[in-house]
Amino acid sequence: MLKWVNMLWLSFLTAILGETVFFALIDPQELYLMGEPVYWSPMAVYSVGFFMFWSLTALTAALTLFMQKPASEINGHRAPVQRLPSA
575 MLKWVNMLWL SFLTAILGET VFFALIDPQE LYLMGEPVYW SPMAVYSVGF
625 FMFWSLTALT AALTLFMQKP ASEINGHRAP VQRLPSA
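Heads up, the sequence shown is in this note's numbering, so the first residue is 575 and it goes up one at a time.
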């Protein structure tokens, strides 16, 4: 559980950084969605953008956590224990 809390917290902070950099360079009133201008309020664009950044960074962090698991934990079985021959 603590891994997931840390993952969500760090992805939240990364989303803040991404949002700040993205909207420092791009005006929300100049965005286009599927060839049409976006007529949302700037606050709505900032909010949707933040949640998109947060979900993207949370997904990448979750994939990183998943790929760090050992194969035995993912596949649900343990490797056989090898015993040394007795002398």
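For glycine and all other residues, C-beta sits at the position ideal for the given N, C-alpha and C.
Point to revise | At least three beta-carbon pairs within less than 8 Å, the segment 581 to 588 to the segment 625 to 634 | key: As far as the Cβ criterion goes, the segment 581 to 588 touches the segment 625 to 634, which means the pair count is three or higher.
**Study point:** Sequence-distant residues of its chain with Cβ nearer than 8 Å to F596 (five each side left out)
**Key:** Translated into positions along the sequence shown, residue 596 becomes position 22. Excluding sequence positions up to five before and after F596, its CB lies within less than 8 Å of the CB of G623, F627, all in the same chain and listed in chain order.
Check your understanding: Any idea what DSSP makes of P616, helix, strand or coil?
Key -> Reading the sequence shown from its first residue, position 42 is the one you call residue 616. Three-state result, P616: helix.
Exercise for review: State buried or exposed for A589, treating a residue as buried only when at least 16 other CB atoms are found within 10 Å of its CB.
Suggested key: In the sequence shown, the residue the question calls residue 589 occupies position 15. Counting Cβ neighbours within 10 Å, A589 comes out buried, since at least 16 surround it.
Check your understanding: Would P602 pass as a contact of V619 if the rule is Cβ separation under 7 Å?
Key -> Here residue 602 corresponds to residue number 28 of the sequence shown, with the count starting at 1. Here residue 619 corresponds to residue number 45 of the sequence shown, with the count starting at 1. Yes, Cβ-Cβ distance for P602 and V619 is below 7 Å.
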